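To convert, note that position 286 of the sequence shown is 662 in this note's numbering; the numbers rise steadily by one, no gaps.
Every residue, glycine too, gets a C-beta built ideally from N, C-alpha and C.
From a predicted model like this one, the values you see are computed outputs, not experimental measurements.
Everything below concerns the one structure shown next.
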Amino acid sequence: MNVKAVFNTLGKIAVVEGVLLVLPLFVSLVYSEFFSAAIFALTVVFAAAVGGILMLLTQRHSHVIYAKEGFAIVAGAWILISLIGALPFKLSGNIPSYTDAFFETVSGFTTTGASILTDIERLPKGMLFWRSFTHFIGGMGFLVFVMAIIPNITDRSIHILKAEVPGPAVGKLVPKIKDTAKILYLIYVAITLLEIIMLICGGMPVFDSVVHSFGTAGTGGFGIKSDSITSYSPYCQWVIGVFMMLFGINFNIYYLVLMRKFKDVLKSSELWGYITIMLVSTVIVTVNNLGIYSRLATSSRHSFFQVSSVMTTTGFATADFDTWGGISKAILLILMFIGSCAGSTGGGLKVSRVIMLFKIISREINRLLHPRAVNTIHFEGRKVDEGTIDGVSHYFAIYVICFVSAFLLISFESFGIETNFSATAACFNNIGPGFARVGPTLNYAAYSGFSKIVLSFAMLLGRLEIFPIIIAFSPSVWKK
377 MNVKAVFNTL GKIAVVEGVL LVLPLFVSLV YSEFFSAAIF ALTVVFAAAV GGILMLLTQR
437 HSHVIYAKEG FAIVAGAWIL ISLIGALPFK LSGNIPSYTD AFFETVSGFT TTGASILTDI
497 ERLPKGMLFW RSFTHFIGGM GFLVFVMAII PNITDRSIHI LKAEVPGPAV GKLVPKIKDT
557 AKILYLIYVA ITLLEIIMLI CGGMPVFDSV VHSFGTAGTG GFGIKSDSIT SYSPYCQWVI
617 GVFMMLFGIN FNIYYLVLMR KFKDVLKSSE LWGYITIMLV STVIVTVNNL GIYSRLATSS
677 RHSFFQVSSV MTTTGFATAD FDTWGGISKA ILLILMFIGS CAGSTGGGLK VSRVIMLFKI
737 ISREINRLLH PRAVNTIHFE GRKVDEGTID GVSHYFAIYV ICFVSAFLLI SFESFGIETN
797 FSATAACFNN IGPGFARVGP TLNYAAYSGF SKIVLSFAML LGRLEIFPII IAFSPSVWKK
């Protein structure tokens with residue numbers, strides 16, 4: 377392990393976060409929130425100092441990055457930016473407990489949207505901006521952003537991209553990894569700007585449009601009102617619902633569209649699977665909710681919004697889906713685990729993995745029936761190699777073990793199995809709201825500090841897809 381390279385990169389990341397903290401500082405000044413501005417300024421200085429010290433101590437050493445350095449950098453970076461990002465909430469007194477502030481910040485960066493705040497609307501504008509901005513930063517990946525802007529990025533940094541971008545396989549869109557990072561972020565920013573414009577055209581205030589677009593882009597779901605998106609117009613709800621669906625699509629698809637490779641887009645089995653699951657789920661939930669909403673238009677709007685929100689692991693809400701019928705809640709619970717597409721900003725298992733798991737199961741059944749037959753698995757028009765198949769199977773096994781472990785650890789809380797199970801599912805899959813005491817109208821404030829730490833690491837495990845955290849905390853990895 378090249379420890380010096382790891383800490384040198386972490387130093388750069390701390391400095392970049394300090395630069396990004398200037399934005400909420402500026403927002404605080406615009407709204408004459410001078411105390412908040414001072415807190416952000418103090419945090420900027422602290423982040424720059426931490427980064428500067430780390431870079432100064434490691435500047436004369438080799439900065440070559442291999443696979444294990446990539447995993448260690450990603451895990452360390454996400455913990456570091458969460459520790460620093462929590463300081464404005466704590467120092468300002470808006471979240472008195474640092475554990476709570478850490479939980480809220482991890483939830484923001486991992487685009488989970490689980491909150492401990494009971495009165496969101498009392499927060500200053502600058503704090504609300506930073507809270508939602510963490511979604512935007514974490515959505516595409518903080519280190520993808522760093523690779524796009526800082527110099528001296530080599531193609532060995534693909535190890536960082538592979539460790540951070542969600543999905544069973546990650547490759548370069550173009551030969552240079554730095555250019556790949558730039559393309560991903562340009563697409564990401566362009567779609568976000570389009571949503572901001574459409575929300576403003578629908579009558580949503582500029583500040584609200586920006587922060588909600590940040591939450592949609594990162595599929596995070598932090599709202600600035602206690603009722604989330606409920607009080608906004610049906611037009612705004614439809615816009616956010618559609619954009620949540622768009623951000624749940626693999627960003628490689630958008631690149632193919634830009635390159636006018638429409639045939640490749642139409643051949644994407646993951647894209648068709650994603651759209652099919654979302655549309656079928658919406659139809660079933662809409663029909664099931666007709667007893668609650670008398671009009672078909674109202675039922676379809678709320679149903680589509682919540683299906684889109686849960687499947688893309690965003691977590692915005694236009695209705696209290698905890699009061700819906702059993703079949704509707706069951707579908708939403710299943711969608712929590714399926715998640716969105718690989719290479720998107722969403723969480724969950726990913727549609728590609730679910731498709732491949734079914735193909736693996738089908739192959740094993742065929743092997744039992746026809747032992748001598750040659751059974752190959754094809755996905756996206758190509759033969760899947762055994763390494764990828766093993767990777768999907770192993771990931772699912774570790775996923776189940778981590779999920780069960782987190783569920784058991786928070787089950788010491790006396791909130792009931794529905795609350796604890798859905799809380800684990802919502803945090804591990806980066807969704808936010810669950811059912812019962814962590815439903816869309818409630819929050820995670822009642823959990824103990826221990827459970828909040830467990831759920832915080834569940835969010836990190838889910839966002840980074842387990843392996844970076846496990847590898848970074850393995851003592852053998854840090855040996856020379």
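Taken through DSSP and simplified to helix, strand or coil, Lys828 comes out as helix. Contact between Asn626 and Ala718 holds, with the beta-carbon distance rounding to 6 Å and staying under 8 Å. Ser483 and Leu493 have their C-alpha atoms roughly 12 Å apart. CA-CA distance, Leu399 to Val406, rounds to 11 Å. Between Ala462 and Thr434, the gap from beta carbon to beta carbon reaches 7 Å or more. Straight-line measurement puts the Cα of Gly599 at about 9 Å from the Cα of Glu497. Checking the DSSP bridge columns, you'll see Arg839 has no partner listed. If the five residues before and after Gly649 are omitted, its C-beta is found closer than 7 Å to the C-beta atoms of Val727 and Ile731, all from its own chain and listed in chain order. Secondary structure of Lys637 (DSSP, three-state): coil. In this structure Glu445 touches Asn378 by the C-beta definition: roughly 5 Å separates them, less than 8 Å. Assignment of His746 by DSSP, reduced to helix, strand and coil, places it in the coil class. For Arg758, the beta-bridge partners assigned by DSSP are Phe755. A straight-line Cα-Cα distance of about 30 Å links Ile629 and Ile846.
Pairing Ser657 with Ile710, the inter-Cα distance amounts to about 10 Å.
Annotation for Ser585: Ile572, Leu575 and Ile576 place their beta carbon closer than 7 Å to its own, counting only its chain and skipping 5 residues before and after.
Ranked by how close their Cα comes to the Cα of Lys759, the residues Lys735, Ile786 and Ser827 have Lys735 in first place.
In this structure, the straight-line span from the alpha carbon of Ile457 to that of Leu569 is close to 25 Å.
Contact check for Phe681 against Gly597 fails: the beta carbons are separated by 7 Å or more. In this structure, Met621 is the residue among Lys558, Met621, Ile559 and Ser602 with its C-alpha nearest to the C-alpha of Ser589.
A check of alpha carbon separations from His754 across Leu401, Arg739 and Glu409 identifies Arg739 as the nearest. In the three-state reduction of the DSSP assignment, Phe788 falls in the coil class, being assigned neither a helical nor a strand state. Counting every other CB atom within 10 Å of its CB across the protein chains shown gives Asn665 a total of 16 or more, marking it as buried.
Inter-residue distance for Lys705 and Ile793 is about 15 Å (C-alpha atoms, whole angstroms). In this structure, Phe416 sits near Leu397, with a CB-CB distance shorter than 7 Å. Between Val403 and Gly502 a beta carbon distance of about 5 Å is seen, short of the 8 Å cut, so the two are scored as contacting.
Of Ala834, Ser491, Leu634 and Phe619, the smallest CA-CA separation from Leu560 is found for Leu634. In this chain, the alpha helix (DSSP H) harbouring Ala381 covers Val379 to Leu396.
Of the other Cβ atoms in all chains shown, 16 or more fall within 10 Å of the Cβ of Thr800; this residue is therefore buried.
Of the residues assessed, Val582 falls on the exposed side of the cut-off, its CB having fewer than 16 other CB atoms within 10 angstroms. With distances taken between CA atoms, Gly691 lies nearest to Ala490 out of Ala414, Ser412 and Ala490. For the pair Phe411 and Gly394, the Cα-to-Cα distance works out to about 18 Å. Distance from Val686 to Val661 at the Cβ level is roughly 10 Å; contact not present, criterion being Cβ atoms closer than 8 Å. Counting along the chain, Trp614 sits inside the alpha helix (DSSP H) bounded by residues Pro610 to Phe623. If you look at Met580, you'll find it isn't in any alpha helix (DSSP H); DSSP assigns it neither H nor E. Secondary structure note for Trp854: it is in no alpha helix (DSSP H), with a DSSP letter that is neither H nor E. By the Cβ-count criterion, Thr652 is exposed, with fewer than 16 other Cβ atoms from all chains shown falling within 10 Å of its own Cβ.
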